[in-house]
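Colleague: If you're matching them up, the sequences are chains Y, F and A in order.
So the first sequence is numbered by the working numbering: it starts at 1 and just counts up by one.
So the second sequence is numbered by the working numbering: it starts at 146 and just counts up by one.
So the third sequence is numbered by the working numbering: it starts at 510 and just counts up by one.
Just so you know, even glycine gets a beta-carbon here, dropped at the ideal spot from N, CA and C.
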Amino acid sequence: MTLRSLIQRTGVVLGLLVLAACLFYIGKGHTLLLDTNTITIDGKEFRSLPSVTVSVDGKELDFPMSRAERVMVDVSGPEHTIVIADEADAEKKVEKNFTIPTFMDRVLVSIPAILGSAPAEYWIAPFTPDPVDHAPAEKMQYYKE
Amino acid sequence: MKRLRLFFIENAVVILFVILISIAIPASGLPGKFLLQEILTRLGRSSFLVIALLLPIMAGMGLNFGMVLGAMAGQIGLIFVMDWKIVGIPGLLLAMLISLPISILLGWLCGSIMNRAKGREMVTGFILGFFMNGVYMMFALYAMGSLIPVMNPELLLSRGYGIRNVVDLASVRQTLETFIPLKVAGLNIPVLSYLFIAAVSAFIVWFRKTKFGQDMRAVGQNRAVAGAAGIAVDRTRIIAVIISTVLAGFGQIIFLQNLGTINTTNSHEQIGLFSIATLLIGGASVTEASICNALIGVILFHLLFLVAPMAGKNLIGSAMLGEYFRQFVSYGVIALALVLYEWKRVAQDENSRARLRGGRTDVP
Amino acid sequence: MGHIKRFAADFGLPRMIIAVYLLGLFLMAPMTGVSFSGALSDVFTRIGMNGILVLALVPMIQSGCGLNFGLSLGVIAGLLGATVSIEMGYVGVWGFVFAILASQAFGAIFGFGYGVLLNRVKGGEMMIATYVGFSSVMIMSIAWLALPFKSPVMIWGYGGEGLRTTISVEGFWRHILNDFLSFQLAGHKFPTGAILFFLLVSLVIWAFFHLKIGTAMTAVGSNPIYARASGIDINKMRIISVVISTMLGAMGIIVYQQSFGFIQLYDGPLYMAFPAVAAILIGGAGVNKASLTNVFLGVVLYQGILTMTPLIFNAVLKLDMSDVIRIIVSNGMILYALTRKTKVLK
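(1) Which same chain residues, not among the five before or five after isoleucine 41 of chain Y, have their C-beta less than 6 Å away from its C-beta?
(2) Going straight from the alpha carbon of lysine 356 of chain F to that of glycine 279 of chain F, what length do you get?
(3) Which of the three DSSP states, helix, strand or coil, is assigned to methionine 65 of chain Y?
(4) Taking 8 Å as the cut-off, decide whether the C-beta atoms of serine 645 of chain A and isoleucine 763 of chain A are in contact.
(5) Mind pulling the chain Y residues with CB within less than 7 Å of glycine 236 of chain F?
(6) Tell me the DSSP secondary structure of phenylalanine 46 of chain Y in three-state form.
(7) Using only the alpha-carbon positions, how far apart do serine 244 of chain F and valine 391 of chain F sit?
(8) Judging by CA-CA distance, which residue of A/Lys745, A/Met636 and A/Leu820 is the nearest neighbour of isoleucine 479 of chain F?
(9) Near leucine 712 of chain A, which residues of its chain fall below 6 Å by C-beta distance, leaving aside the five closest residues on each side in sequence?
(10) If you pair each beta-carbon of the region 186-205 of chain F with each one of the region 349-368 of chain F, do three or more pairs fall below 8 Å?
(11) Check the DSSP bridge columns for arginine 70 of chain Y and list the partner residues they point to.
(12) Should leucine 19 of chain Y be flagged as near chain F, meaning a C-beta pair shorter than 8 Å?
(13) Could you give the C-beta distance for methionine 756 of chain A and valine 729 of chain A, rounded to a whole number, given that I count them as a contact under 8 Å?
(14) Report all residues from its chain with a CB closer than 7 Å to the CB of isoleucine 383 of chain F; omit the five preceding and five following residues, and keep chain order.
(15) Establish whether the CB of serine 192 of chain F and some CB of chain A are separated by less than 8 Å.
(16) Does leucine 239 of chain F get closer than 8 Å to chain Y when you measure Cβ to Cβ?
(17) How about valine 410 of chain F and methionine 282 of chain F: do their beta carbons lie closer than 8 Å?
(18) Measure from the alpha carbon of glycine 793 of chain A to the alpha carbon of each residue in A/Ile570, A/Glu670 and A/Leu532, then state which is nearest.
(19) Measuring alpha carbon to alpha carbon, tell me which of Y/Val12, Y/Thr2, Y/Val13 and Y/Val107 ends up nearest valine 75 of chain Y.
(20) So, does the CB of glycine 518 of chain F fall closer than 8 Å to a CB anywhere in chain A?
(21) Can you grab the Cα-Cα spacing for the pair phenylalanine 352 of chain F / serine 831 of chain A, in whole Å?
(22) Could you tell me the alpha carbon to alpha carbon distance between glycine 624 of chain A and isoleucine 748 of chain A, rounded to whole angstroms?
(23) List the residues of chain F whose Cβ lies closer than 9 Å to the Cβ of aspartate 130 of chain Y, in chain order.
(24) Can you have a look at threonine 81 of chain Y and say buried or exposed, based on whether 16 or more other CB atoms are within 10 angstroms of its CB?
(25) Suppose you measure from the CA of phenylalanine 98 of chain Y to the CA of glycine 29 of chain Y; what does that come to, to the nearest Å?
(26) Shorter than 7 Å, the distance from the beta carbon of cysteine 255 of chain F to the closest heavy atom of the ligand ADP, or not?
(27) In chain F, which residues lie with their C-beta within 8 Å of the C-beta of threonine 675 of chain A?
(28) Determine the burial state of leucine 501 of chain F: buried for a count of at least 16 other Cβ atoms within 10 Å of its Cβ, exposed for fewer.
(29) For tryptophan 253 of chain F, decide whether its Cβ has a neighbour in chain A, counting only Cβ atoms nearer than 8 Å.
(30) Helix or strand or just coil, what does DSSP make of glutamate 121 of chain Y?
(31) If you draw a straight line from the C-alpha of leucine 134 of chain F to the C-alpha of leucine 424 of chain F, how long is it?
(32) Methionine 663 of chain A touches chain F at which residues, Cβ-Cβ below 8 Å?
(33) Quick check on glutamate 495 of chain F - is its C-beta less than 8 Å from some C-beta in chain Y?
(34) For the region 162-173 of chain F, which residues have a CB atom closer than 8 Å to at least one CB atom of chain Y, in sequence order?
(35) Can you grab the Cα-Cα spacing for the pair methionine 781 of chain A / leucine 580 of chain A, in whole Å?
(36) Classify alanine 330 of chain F as helix, strand or coil using the three-state DSSP reduction.
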């Protein structure tokens, strides 16, 4: 194997690895949890409006969201746009772009934070499900016959 | 008149099939539009796999029963992509990329083993497929999740390691079909799938014209002569198998994304049988096959696939019968092609031996 | 030292590995709480069950027709014999004997046609055998649905048409061989009858190959030019070998069924050739040479592994990898045999 062909082959392999990384980056799927729960940042409370229509990347949700709701949306890729509008007054709307870190699987998006123009780092957070507490019935011991 | 007779003999299998199908379609009672849509979909889904078989035939290695190795590589790629939650077209492309090194490795293995069993490549590939199935199962059912980290525990079996029996491909399902939507006369046409098939066909056509392609054809026609002419026979054969395996991997990914689910243990099992039967039904032989054979084969084979159960039920009263008949046809057509191939080969050998003896065929 | 080296080279590395593996499994048995005598009884039962099927491969290998992947044809002949016997209502010893006789008749007919076909395709027998085998299983599946069987034991319930997929031979000739002269070995049954029958048939085959016709067959497989020069009709010998192979296969499946307890129709015979082929190859046979030693050694090793692996693995690792191991070992052995450099025969 000549040096030239070795360089060519290494180049191809590197190119493919870069391509794989790109595909990973642009294709990574995330589950967004749009959350209208009140959120407290630096002591200040951010509340959502009584009813908002939300669209992500141009696609609108089926139903408007009231306060203290969570809706799941599947997206792919790092860059996204969200438009939050007051259901009562469609003119009052907020349109923002946000970026999701590649390895964040499930993402909590705080609607009130975006509405209230809080600093961008509070808009999204990784979602950790609450630990499930087994109901007492499931903790019953079974007697061995 | 003689030309007509020759035409019938050369294309016996295709003609037989067309006759069978023309009886079965009306007998099944299935509507034409439904059949047409199904065929359009299946062309997009299965043709790539069948085309993957072309190069080893060109290289004189017969029907590549080892294509199942490529299918396994493709599945592994898809499993990883599902694990890492890469969606849509990027997901599919990434799956193909992941399958690439695995296919190359497996193809190299398959080719090397076939080289050690010259004259018996088909049986060897056949058994190698089964053998690799065992290795694949060890990988997918035992190593995944235990030795190989899996990000998404939902993919695993309840025992904590090993991939589930059924992997749902929801995030990449039907992406090729819907990416470029096209509806003609009420029929959905999977444009992107067809583009993939066009691309691989173009690749094959171009490949045939390159020097390497010519070398491969020379090896296919006569190993000894090709070797004497300075062609690296063994290496050429291995590369033919590697390309075939890689294409089979891509083809399996295309196939599965259309279906929408991976059956971890079964999805790849019948793929060799079906693809080979398809190619043969399209008029190919053990020594010669073209893209035309592949496409015609897909249409005919799948038409039979679709109508046999209903036709069996309507004609004879048992759908199972239609199903067994279809399987019999798949196996039978391969048996027939193999018999015809050996027949011709034996006749050729005896002919050349007779010539050496001065034309007498009654003396050994 | 040279003798040992030659023996090792002849025996082959894979076989050594397998033998050592099996020995290791047996040694581990008492340590893991697996009943040694129980395992032994299991192994012997399986040897009795599968032995004749492996034996059936010998004639075709010796005559140069290669590994009989189309053994399913013989199995089908046996299935026909068994179903006809049950249809007639024959039970017990007579039922078993009738099944075998009927199966031999079918086997001879099928074998003849099969042999004629193989003669026309010299060189490509193995692949064609496989697909002829598969195709015939499928035709028979259609036949099982259509043939006019009436016995209520066999047809689908509720007035359905065609035979059931699995037919129990309970009450007919289940375990008829296994129980014959059987005795208890440390609490487990030793299937004397089956083993004796296997040895008996092996003896017949051994005798056959020492007759003139047997040596002629061997010559056809190992040195066809010499055979032709000696005036042996190669084609006739090959057909006879295929017929014997098919008939033995038919006999073999009936012995298998009496031990297993069920007749498996439809898809059942599809892959039956492969374990038998793997067994004889593990026993040291090649693609064109097989001896009775290969058969015995092969059946013992193969069935030994098949029985012991799940027992030990389950006990030690709590892991059931037996299926996967079986696939890898069987097919690996066949691959090894296929890729060995043998003398080019034409």
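Modeller: So, to answer that:
(1) Closer than 6 Å at the Cβ level, and outside the excluded window around isoleucine 41 of chain Y, lie Ala118 and Tyr122.
(2) If you take the alpha carbons of lysine 356 of chain F and glycine 279 of chain F, they lie about 38 Å apart.
(3) Three-state DSSP puts methionine 65 of chain Y in a strand.
(4) Contact check for serine 645 of chain A against isoleucine 763 of chain A fails: the beta carbons are separated by 8 Å or more.
(5) Residues of chain Y passing the Cβ test: Gly27.
(6) Three-state result, phenylalanine 46 of chain Y: strand.
(7) Distance between the alpha carbons of serine 244 of chain F and valine 391 of chain F is about 8 Å.
(8) Among A/Lys745, A/Met636 and A/Leu820, the Cα nearest to that of isoleucine 479 of chain F is on A/Met636.
(9) Nothing listed; no residue qualifies.
(10) Result yes; three or more Cβ-Cβ pairs closer than 8 Å.
(11) The bridge partners DSSP lists for arginine 70 of chain Y are Y/Asp35.
(12) For leucine 19 of chain Y, the nearest beta carbon of chain F is closer than 8 Å to its own beta carbon.
(13) 19 Å between Cβ atoms; not a contact.
(14) Excluding sequence positions up to five before and after isoleucine 383 of chain F, its CB lies within less than 7 Å of the CB of Trp253, Gly256, Ser257 and Asn260, all in the same chain and listed in chain order.
(15) No, serine 192 of chain F does not count as interfacial toward chain A.
(16) Judged by the 8 Å Cβ criterion, leucine 239 of chain F is in contact with chain Y.
(17) The sequence as given places threonine at residue 410 of chain F; valine does not occur at that position. It is a contact, given that the beta carbons lie within the stated cut-off.
(18) Closest by C-alpha distance to glycine 793 of chain A, out of A/Ile570, A/Glu670 and A/Leu532, is A/Ile570.
(19) Nearest to valine 75 of chain Y by C-alpha distance, out of Y/Val12, Y/Thr2, Y/Val13 and Y/Val107, is Y/Val107.
(20) Residue 518 of chain F is absent from the model: chain F starts at 146 and stops at 509.
(21) Approximately 44 Å between the Cα atoms of the pair.
(22) Going by C-alpha positions, glycine 624 of chain A is about 4 Å away from isoleucine 748 of chain A.
(23) In chain order: nothing, as chain F lies at least about 18 Å away.
(24) Threonine 81 of chain Y is classed as exposed because its beta carbon has fewer than 16 other beta carbons within 10 Å across all chains shown.
(25) Each residue's Cα considered, the two are about 15 Å apart.
(26) The ligand ADP is not among the ligands present in this structure, which contains no ligands whatsoever.
(27) None at all; the shortest Cβ gap to chain F is about 15 Å.
(28) Exposure of leucine 501 of chain F is indicated by the presence of fewer than 16 other C-beta atoms within 10 angstroms of its C-beta.
(29) No - not a single Cβ of chain A is within 8 Å of the one on tryptophan 253 of chain F.
(30) Residue state, collapsed to three classes: helix.
(31) There is no way to answer for residue 134 of chain F, as the model of chain F reaches only from 146 to 509.
(32) Contact of methionine 663 of chain A with chain F by beta-carbon distance below 8 Å is absent, the smallest such distance being about 16 Å.
(33) With 8 Å as the cut-off, glutamate 495 of chain F does not count as an interface residue toward chain Y.
(34) So nothing in the stretch comes that close.
(35) Pairing methionine 781 of chain A with leucine 580 of chain A, the inter-Cα distance amounts to about 7 Å.
(36) Of the three classes helix, strand and coil, the one that applies to alanine 330 of chain F here is coil, per DSSP.
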